[in-house]
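Residue numbering for the sequence shown is 134 to 348, as defined by the working numbering.
Yeah, the Cβ is synthetic: ideal placement off N, Cα and C, and Gly gets one too.
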Amino acid sequence: LFYFIGLALLLLSVLDLRGPTQKIKMNIADQKTIILIDSSASMLTEDVQPSRFKKGIMLARDFVKKAVGHKTSIVIFSDIQKRVVPFTDDLDLLEARLSALESTTSLKGSSNLNNAISESLKYFLIDSGKKNVAGNLIIISDFESNDHVKKTMIPDSIVGSLIGVGTARGGPIPIRSKEGTLRYYKRYNKTNIISSLDENKIKEIGSNFKYFYYW
């Protein structure tokens, strides 16, 4: 009896009760989004698990999965910035590059946010071939930067989304081997450097955008 009941349920589970598929044409807004991911040394801090940098990659991946219709570009930055993915709607490519970044352990340098934003604005221009800049700029960082972002360089047509990764309490910056073994904590004057997240800094940077949101 149970065998036949199980067999019936198995057959039922493979049936597609939704009916035939239908193709529907719809207009999706052509949006361009650049995801700026901080790759400076402070992003190695593990006050959020598994680390600030890896948490940032997870957040970027979550956005990419949900951003239907977006052309997305990924840029990492520290002292210098590097575009690792040009504008694309190829989800497989974006996922592959983010997965490769997730295994990165050799983060170094400080956060040159001014340069990263300035160069990203040029990418909008190059891709569109137009004189006006429009799009979304997502910045994932702990915002430990001494830069004062110049408000005049950010057009009103750029929407800023700032995601702070870290805690107000902060933590030391671990330096690990390629195998993940802790070697030492980053120090200054024989004292561990404590890296922490400052919400006021996020608001200060966000105020340079006409429209901005932060988390």
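- Cβ neighbours of T178 within its own chain (closer than 6 Å, five residues either side excluded): R185, G304, I306, S328.
- The count of Cβ pairs closer than 8 Å, one atom from the region 293–302 and one from the region 331–348, reaches three, so the stretches are in contact.
- For S206, the uninterrupted beta strand (DSSP E) run begins and ends at 203–210, by DSSP.
- Burial is judged here by how many other beta carbons sit within 10 angstroms of a residue's own beta carbon; Q155 has fewer than 16 and is exposed.
- Residue range 185–199 is occupied by the alpha helix (DSSP H) that includes F196.
- Within the same chain, and ignoring the five residues on either side of R230 in sequence, the residues whose Cβ sits closer than 7 Å to its Cβ are I207, V217, V218.
- G297: member of the beta strand (DSSP E) spanning 291–297, first to last residue.
- In the structure shown, N247 adopts helical secondary structure according to DSSP, grouped into three states.
- Residue pairing by DSSP places I327 opposite P305 in a beta bridge.
- Linking A174 to I326 through their CA atoms gives a straight-line distance of about 11 Å.
- Fewer than three beta-carbon pairs drawn from the region 197–212 and the region 310–320 are found closer than 8 Å, and the two stretches are therefore not classed as touching.
- When secondary structure is reduced to three states using DSSP, V147 falls in the helix class.
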